[in-house]
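Just so it is clear: in the sequence shown, position 57 is 57 by full-length UniProt numbering, and no numbers are missing. First comes the structure, then the notes that go with it.
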Amino acid sequence: MNSSMSETLEALQKLIEVVAQLRNPEGGCPWDLAQTPQSLIPYVIEEAYEVVDALRSGDEAAIADELGDLLLQVVLQAQVAQDQQQFDLAIVARNITEKLIRRHPHVFDNLAVESVDEVHQNWEKIKATEALSETKLSDQLRKYARSLPPLVAGMKISKKAAKAGFEWESMDGVWEKFQEELAEFQHALQYESKENQQAELGDLLFTVINLARWADLDPDAALQGTNDRFIQRLVQMEGVVDRPLSEYSLDELEQFWQQAKAKLAKKES
């Protein structure tokens with residue numbers, strides 16, 4: 001074992017010991033002792049998103065820090081489960097190791113592959129044999145809807161449904177569906193209940209996701225980009241005004257907005 005691997009294992013062992021002490025009824029932390037797998041869910045989600053944000057920023061120190069926070073959630077969940085005599089971190093690590101080996105026969109066995117597409121196809125076949133209880137399309141889609149953020153789940157569901165035959169002949173059909181859903185949403189806003197308005201909004205958003213799929217675009221990344229640009233333009237506006245934005249008229253705000261937009265566009269060009 002080389003020194004780097006030894007240091008890694010030593011650091012992981014220290015983290016495991018620290019978390020175990022935090023959960024120790026004798027001298028542990030009251031907050032950590034009060035946690036359950038369910039109470040920790042918001043932290044798992046928050047830390048995962050913070051890792052993504054750090055990765056997008058490219059800040060190496062931030063990435064290492066946020067990955068540590070996410071790793072803590074894995075170790076803490078495993079410790080809680082161990083305390084409840086369910087499973088431990090060793091089982092978590094063993095299961096994922098076995099899964100990786102099983103799903104990479106071209107690396108750990110004698111299967112020959114010639115492209116990334118072939119690797120992906122084999123991966124999907126192996127996954128299908130592993131999850132015999134989820135062979136129905138509805139089971140697979142339900143899992144996406146249950147476990148992923150809605151925008152990401154929508155794209156996964158759209159792709160899986162298309163492979164199963166739920167697909168338009170051309171993008172023209174998707175545009176027709178978009179116009180249909182837009183009209184239904186507008187009608188719901190005028191004449192129908194909040195519940196129906198919510199449902200029609202969902203249908204419209206799902207159709208937009210299908211448009212993104214046909215155009216080979218990532219709707220999650222697209223929305224993230226729009227959010228970032230909106231904030232960047234707002235920062236530009238706040239840098240030139242001399243009082244709170246709420247005290248300006250809509251026409252004045254629009255003028256500031258266009259100036260900020262042009263300035264940022266010039267920087268990017």
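All residues carry an ideal CB built from backbone N, CA and C; glycine is no exception.
Take the Cβ of residue i as the centre, count every other Cβ of all protein chains shown within 10 Å, and call the residue buried at 16 or more, exposed below.
i	result
Arg213	buried
Gly154	buried
Asn210	buried
Ser3	exposed
Leu89	buried
Val107	exposed
Ser133	With a pLDDT of 49 at Ser133, under the threshold of 50, the modelled position of this residue cannot be trusted, and the question is left open.
Glu180	exposed
Thr226	exposed
Val51	buried
Thr207	buried
Glu10	exposed
Phe256	buried
Ala188	buried
Ser158	buried
Val18	exposed
Taking C-beta to C-beta, are residue i and residue j nearer than 9 Å?
i	j	result
Gln79	Val44	no
Leu137	Lys156	no
Asp220	Val152	yes
Leu204	Phe166	no
Val241	Tyr248	yes
residue 280	Glu184	Nothing in the structure corresponds to residue 280, since the chain is present only between 1 and 269.
Tyr144	Lys127	no
Quick check on this structure: which residue in the options has the alpha carbon closest to the alpha carbon of residue i?
i	options	result
Gln224	Pro25, Asp53, Glu184 and Gln13	Asp53
Pro25	Leu33, Val19 and Val18	Leu33
Glu130	Asn95, Lys163, Asn110 and Ala162	Asn95
Leu67	Glu47, Trp168 and Ser158	Glu47
Gln259	Pro244, Gln232, Ser246 and Val18	Gln232
Phe230	Arg243, Asp218 and Glu254	Glu254
Is residue i close to chain B? Criterion is C-beta to C-beta, closer than 9 Å.
i	result
Ser170	In summary, chain B is missing from the structure at hand, where a single protein chain is found.
So, do the segment 33 to 50 and the segment 80 to 92 have three or more beta carbon pairs nearer to each other than 8 Å?
-> yes
Can you list the alpha helix (DSSP H) stretches of 4 or more residues lying completely in the segment 219 to 248, in chain order?
-> 219 to 238
Would you call the segment 255 to 265 and the segment 236 to 243 touching, i.e. three or more CB-CB distances under 8 Å?
-> yes
Tell me, please, whether the segment 65 to 76 touches the segment 113 to 122 by the rule of three or more beta-carbon pairs shorter than 8 Å.
-> no
Taking only runs of the beta strand (DSSP E) that begin and end inside the segment 155 to 221, which ones reach a length of at least 3 residues, in chain order?
-> none
What are the complete alpha helix (DSSP H) segments, minimum 4 residues, inside the segment 83 to 115?
-> 89 to 103 and 105 to 108
Enumerate, from N- to C-terminal direction, the unbroken alpha helix (DSSP H) stretches of 4 or more residues contained entirely within the segment 50 to 78.
-> none
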